[in-house]
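Q: Residue numbers (the UniProt record's numbering): 1 to 220. Just so it is clear, CB atoms sit at the ideal spot from N, CA and C, and this is done for glycine as well.
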């Protein structure tokens with residue numbers, strides 16, 4: 001028991017050291033989500049011991065697995081809502097993580113495509129061009145970070161994947177700042193595309209957080 005505790009503590013300390021010694025990751029924020037269907041629709045607000053009391057058998061067991069997996073992190077409710085749709089079969093945090101990361105990648109690529117289109121469009125105001133160029137670099141970097149993180153997850157290197165992926169969360173702010181610092185420039189990128197990319201980045205980060213917190217309990 002003591003050896004397991006010390007091992008887990010070492011894993012968390014390693015993750016904290018890497019995150020603190022590198023660029024600060026953006027905060028994990030909970031975007032509004034649709035109600036979770038199937039057996040886990042009644043998510044308990046605080047994920048306390050009452051979670052799943054109205055469930056029976058395997059459903060109750062899986063609900064408790066989710067509660068245990070998400071317990072102890074900053075946003076346990078958001079974590080549980082994100083994980084719940086992936087527990088119809090075997091509870092697999094890796095599958096949930098990779099699904100959210102791939103969604104973050106696809107939506108980030110959509111933002112990159114919109115930026116490229118706007119940069120080529122002669123109707124785009126000149127005031128927006130410099131900011132758009134900064135945004136293109138930001139989202140290109142985000143795509144690279146997500147791709148590299150996916151490779152690390154496939155290698156079961158969750159800590160380094162988390163460290164690399166966390167940089168993707170900061171790029172939206174840098175892009176937004178570029179327009180704030182360009183008086184009169186209006187961002188032509190659709191808010192829907194930007195918000196979708198940010199939402200799936202946040203969902204990925206919250207699963208990363210729980211995965212590191214449960215390094216010795218599940219697949220890692």
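Excluding the five sequence neighbours on either side, which residues of its own chain have a C-beta within less than 7 Å of the C-beta of residue 95, listed in chain order?
A: Here residue 95 refers to the residue found at position 95 when the chain shown is read from its first residue. Contacts found: 86.
Q: When you compare the CB positions of residue 194 and residue 111, do they come within less than 8 Å of one another, or not?
A: As a first step, residue 194 is located in the chain shown; it is residue number 194 there, counting from the start. As a first step, residue 111 is located in the chain shown; it is residue number 111 there, counting from the start. Result yes, Cβ atoms of residue 194 and residue 111 sit closer than 8 Å.
Q: Relative to the C-alpha of residue 135, which residue among 128, 66, 146, 175 is closest?
A: Translated into positions along the chain shown, residue 135 becomes position 135. Among 128, 66, 146, 175, the Cα nearest to that of residue 135 belongs to 175.
Q: Could you work out which residue in 109, 60, 103 is closest to residue 91 when comparing CA atoms only?
A: Within the chain shown, the letter at position 91 stands for residue 91. When only C-alpha atoms are compared, the closest one is 60.
Q: Taking DSSP as the reference, what is the three-state secondary structure of residue 72?
A: Counted from its first residue, the chain shown places residue 72 at position 72. In this structure, residue 72 counts as coil in the three-state DSSP scheme.
Q: Measuring CA to CA, which of 153, 167, 170, 131 is closest to residue 180?
A: Against the chain shown, residue 180 aligns to sequence position 180. The shortest Cα separation from residue 180 among 153, 167, 170, 131 belongs to 131.
Q: Count Cβ pairs between the stretch 182 to 196 and the stretch 143 to 150 that sit closer than 8 Å; are there 3 or more?
A: At 8 Å Cβ cutoff, the stretches do not touch.
Q: Could you say which of 159, 187, 171, 160 lies nearest to residue 127 if we only look at CA atoms?
A: As a working mapping, residue 127 is identified with position 127 in the chain shown. Looking at the Cα atoms, 187 is the closest of the given residues.
Q: Report the CB separation of residue 162 from residue 212 in whole angstroms; it is logged as a contact under 8 Å.
A: Here residue 162 is taken as the residue at index 162 of the chain shown, counted from 1. Here residue 212 is taken as the residue at index 212 of the chain shown, counted from 1. That pair is a contact at about 6 Å.
Q: In three-state terms, what does DSSP make of residue 122?
A: Taking the chain shown and counting its residues from 1, one reaches residue 122 at position 122. In the structure shown, residue 122 sits in coil (DSSP, three-state: anything other than H, G, I, E or B).
Q: List in chain order: all unbroken alpha helix (DSSP H) runs of 4+ residues lying wholly within the UniProt domain "Pectinesterase inhibitor" (61 to 207).
A: 76 to 83, 93 to 120, 126 to 154, 158 to 166, 171 to 180
Q: Is it buried or exposed for residue 97, if we count other Cβ within 10 angstroms and need 16 for buried?
A: Here the question's residue 97 lines up with position 97 in the chain shown. The residue in question, residue 97, is buried, as its Cβ has 16 or more Cβ neighbours within 10 Å.
Q: Please classify residue 166 as buried or exposed, where buried requires at least 16 other C-beta atoms within 10 Å of its C-beta.
A: By one-based count along the chain shown, residue 166 stands at place 166. Its Cβ being crowded by 16 or more others within 10 Å, residue 166 is buried.
Q: Please go through the same chain and pick out, in chain order, the residues whose beta-carbon is closer than 6 Å to the beta-carbon of residue 164, but skip the five residues on each side of it.
A: The residue labelled residue 164 in the question sits at position 164 within the chain shown. Once the five neighbours on either side are set aside, the close Cβ partners of residue 164 are 145, 148, 149.
Q: Kindly list the residues whose CB is nearer than 8 Å to the CB of residue 102, restricted to its own chain and excluding five residues on each side of it in sequence; keep chain order.
A: As a working mapping, residue 102 is identified with position 102 in the chain shown. Excluding residues within five positions, the ones whose Cβ falls inside 8 Å are 150.
Q: Would you mind giving the Cβ-Cβ distance between residue 143 and residue 119, rounded to the nearest angstrom? I have them listed as a contact below 8 Å.
A: As a working mapping, residue 143 is identified with position 143 in the chain shown. As a working mapping, residue 119 is identified with position 119 in the chain shown. Residue 143 to residue 119, Cβ: 16 Å. No contact.
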